[in-house]
Each structure stands twice: as structure tokens, then as C-alpha cells.
Amino acid sequence: HDSTEYIDWSKAEKNVSFPNLKPTTKPISIRLPEYMIDHLKEKANEIDVPYQSLIKNYIKQGLFNS
């Protein structure tokens, strides 16, 4: 099938951005001591965020603020 029969590609925008797209994520496995997980869950509960999100924020801060 040839899309040129349906679309005029000369009028297409070349620099289109999609600002609302979330970055692709990849699940990982990490082993943490139970006391650390418990502490993370307590802190996350205090600020009303999922503890996995809190972990991601801590990692992000460590990566980009050093």
C-alpha cells in the first residue's frame, strides 16, 4: 500500500513534539533490606505518594544533582 495516495507528505510538519508522552520505563529488580523498605513506605505515606515513586525521585536526585 502506498500512503501517497491518501496523504500529501509535502505538507507534513517535520518538527512535531509530543510533550505529554511519558518516557518509556523498564522494570528492574533491586534487593533492599526490609528496614529500608519500611522506612521508604513511611516517608512516602507522610507525603502521600507511592513508595516506588519516592524511590524513583531519590534515584533521579542522586543522578542529576551530583
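Count along the sequence shown starting at 1, add 16, and that's the number in the numbering used here.
Positions of the beta carbon are idealized from the N, C-alpha and C atoms, including for glycine.
Residue from the options with nearest C-alpha to residue i
| i | options | result |
| --- | --- | --- |
| SER45 | LYS27, GLU29 and ILE71 | ILE71 |
Sequence-distant residues of its chain with Cβ nearer than 8 Å to residue i (five each side left out)
| i | result |
| --- | --- |
| THR40 | none |
Collapsed DSSP secondary structure at residue i in the structure displayed
| i | result |
| --- | --- |
| LYS42 | coil |
| PHE34 | coil |
| ILE167 | What is shown of the chain runs 17 to 82, which leaves residue 167 out entirely. |
| ASN73 | helix |
Same chain, Cβ closer than 6 Å to residue i, neighbours up to 5 away in sequence not counted
| i | result |
| --- | --- |
| ALA60 | TYR67 and LEU70 |
Residue i, enclosing alpha helix (DSSP H) - first and last residue
| i | result |
| --- | --- |
| ASP54 | 50 to 62 |
| SER19 | Counting along the chain, SER19 falls outside any alpha helix (DSSP H), and DSSP gives it neither H nor E. |
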